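Note that this note's numbering has the sequence shown beginning at 184, numbered continuously upward. Using N, Cα and C, we set each Cβ at its ideal position, and we do this for glycine too. Quick caveat: nothing in here was measured; it's all calculated off a predicted structure. I have placed the structure first, in the form of C-alpha cells, so that the comments after it can refer back to it.
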Amino acid sequence: MVIVAVPSGGNGGLTSILNPRFGRCESFTFVTVEDGEIKQVKTLPNAASDAMGGAGIQAAQTLGNNNATVAIVGNLGPNAAQALGSLNIKLYQAPNQQITVKDVVQEYIDGNLQELSGANVGSHFGMGGGFGRGRGGAGGGGGGRGRGRNL
Numbered sequence: 184m185v186i187v188a189v190p191s192g193g194n195g196g197l198t199s200i201l202n203p204r205f206g207r208c209e210s211f212t213f214v215t216v217e218d219g220e221i222k223q224v225k226t227l228p229n230a231a232s233d234a235m236g237g238a239g240i241q242a243a244q245t246l247g248n249n250n251a252t253v254a255i256v257g258n259l260g261p262n263a264a265q266a267l268g269s270l271n272i273k274l275y276q277a278p279n280q281q282i283t284v285k286d287v288v289q290e291y292i293d294g295n296l297q298e299l300s301g302a303n304v305g306s307h308f309g310m311g312g313g314f315g316r317g318r319g320g321a322g323g324g325g326g327g328r329g330r331g332r333n334l
C-alpha cells in the first residue's frame, strides 16, 4: 500500500487538475493505492498556500503528517525537495500538461512517471513574481516594502 499525494487545484479530489505549484497549490489529494487500484481518497486544503515564506517546507510537513509515501509534482523547489527527502517521500515528475489527479495517479500505477532525485526548479519559483509596491516610512526614507503583484 502507498499513499500518493498530489498538489491539486480547487478543493482537490480525483477530478481536479494537478496544480504544478507544490507549495502554493490550493489543496492536496491523498490517494491510497493498493494492489494497483485506488482504494481511498482524502483531500485537505493547503494551509501553506498563502504563507509569506517557507510554503514548500510547510506543504511537505502536511504530506508527512498524512503519511504520504509518494508525491507526484509539477514544479518542486529545493527546500521542499529536501524536506520531502528527509521524510522519505519518493518524488515523481508529473507530465507537462493539464492532467486530472485520477489520470496522473494511474500513470504512476502504470509505471509511466519518472522518479525525481530532487528539485526541478529554483527557489521561489512558484511565487509568481511581479512588481513590489511600497511607500517609505515616516521621514520619507523611501524604499518601503510592498507585496508583489502579477501584472
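For residue i, the three-state DSSP class (helix, strand or coil)
| i | result |
| --- | --- |
| A264 | helix |
| S210 | strand |
| S269 | helix |
Beta strand (DSSP E) segment containing residue i, residue limits
| i | result |
| --- | --- |
| Q276 | K273 to Q276 |
| I240 | No beta strand (DSSP E) contains I240, which is instead part of the alpha helix (DSSP H) from A238 to N248. |
| I255 | V253 to V256 |
For residue i: DSSP bridge partner residues
| i | result |
| --- | --- |
| V185 | V216 |
| S191 | L201 and S210 |
| K225 | F213 |
| L299 | L274 |
Endpoints, the alpha helix (DSSP H) within which residue i is located
| i | result |
| --- | --- |
| I292 | V284 to I292 |
Contacts around residue i, its chain only, beta-carbon distance under 6 Å, and the 5 residues preceding and following it disregarded
| i | result |
| --- | --- |
| I282 | L201 |
| E290 | L296 |
| V253 | V185, V187 and K273 |
Beta-carbon proximity list for residue i, same chain, < 8 Å, skipping 5 on both sides
| i | result |
| --- | --- |
| G196 | T212, V224, T226 and V284 |
| S191 | S199, I200, L201, N202, C208, E209, S210, F211, T212, T226 and V284 |
Beta-carbon contacts of residue i that lie in its chain and below 7 Å, excluding the five residues immediately before and after
| i | result |
| --- | --- |
| N194 | S210 and T226 |
| A242 | F205, G206, N229, A231 and A263 |
| I292 | V216 and G219 |
Practice item. Count the CB pairs spanning the segment 252-261 and the segment 292-307 that are closer than 8 Å, and state whether there are at least three. Key: yes
Review point. Does the segment 246-254 come close enough to the segment 268-279 to have 3 or more Cβ pairs within less than 8 Å?
Key: yes
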